[in-house]
Structures are given as structure tokens and as C-alpha cells.
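In what follows, a single structure is set out as C-alpha cells and then discussed.
Numbering (full-length UniProt numbering), first residue to last: 1 to 87.
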């Protein structure tokens, strides 16, 4: 936590860190995506999976596990370009 110019406490964002170890997340087609986006059928969660993958990349996840490889490859390419300046 830090204190701003007005003397108020600011909460700094604490990001997932494993002291140099790679992190892997697998949000692909998960039920929480269906709940949030009202998609009861798992195979219909391609776009919501893409959004979750983009959030993973923004949070510096090194590896993502996915079902829809062709579609998620494009999401990862865009995420790397936007958040990591890799293209």
C-alpha cells in the first residue's frame, strides 16, 4: 500500500508471481465463463474463452491451456502484441 498526495492509502495491484517459474492457466470453456456470459453449452464459449485468455496474458501468464487452438492462437498473438510488444 502507498499513500497518495492527499494522505489517503492507495492499494497497489499485486500480480500473480512465482519467483521466475512459468505460470499456466486453463480457463478454456470453463463453467464460470458460461455462468457469466449465459452460455450453458461449453463449445459455445469460444469468445468468452478468448476474453479470459486475453486477461491471462495481461496478467503475465506464460502458458494457457485451450480447446480451440486455431481461434485462441489469434487471441494469444494479439495479446502478446498489445501487452508484451511481441509481434
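For each residue, glycine too, the CB sits at the ideal point set by N, CA and C.
Straight-line gap, residue i to residue j (C-alpha atoms, nearest Å)
i, j, result
"residue 85", "residue 21", "21 angstroms"
"residue 46", "residue 68", "7 angstroms"
"residue 51", "residue 57", "10 angstroms"
"residue 82", "residue 48", "18 angstroms"
"residue 19", "residue 59", "15 angstroms"
Residue range of the alpha helix (DSSP H) that includes residue i
i, result
"residue 18", "Residue 18 -> no alpha helix (DSSP H), and no H or E assigned at all."
"residue 26", "Premise fails: residue 26 is in no alpha helix (DSSP H) and is neither H nor E."
Residue from the options with nearest C-alpha to residue i
i, options, result
"residue 26", "78, 62, 79 and 35", "62"
"residue 53", "37, 41, 28 and 39", "28"
Where residue i falls, given that 16 or more other Cβ within 10 Å makes a residue buried
i, result
"residue 64", "buried"
Counterpart residues of residue i in DSSP-defined beta bridges
i, result
"residue 47", "Note: residue 47 sits in no beta bridge, so no partner."
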